[in-house]
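Note sheet for the following structure.
Numbering (this note's numbering), first residue to last: 12 to 96.
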């Protein structure tokens, strides 16, 4: 066994003996092979922040499409349910 032995438990159940070992091991954190990938953090003050430190502003698509949305809702409100207009 590798690592530091922390605890040993010996138990007898149903006519069988069991031994349990607890060990502590040092594990190296994995290193990702790719350097071309970035992490994205979605936030409140900035729409998105990349792991490289670059900030991406919000698109504000609602403001851009508000007039078309108003027009479409007005047309829909004037239609009668079940008609062919």
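No residue lacks a Cβ here, since even glycine has one placed at the ideal position from N, Cα and C.
Scanning 77, 73, 75, 52 for the CA closest to the CA of residue 66 turns up 52.
Note on geometry: alpha-carbon atoms of residue 95 and residue 82 lie some 19 Å from one another. Distance check between residue 37 and each of 76, 13, 70, 68 places 13 closest, using alpha-carbon atoms only. Cβ-Cβ separation between residue 35 and residue 17: approximately 6 Å, consistent with a contact (criterion under 8 Å).
Per DSSP, the unbroken beta strand (DSSP E) holding residue 15 starts and ends at 15-24.
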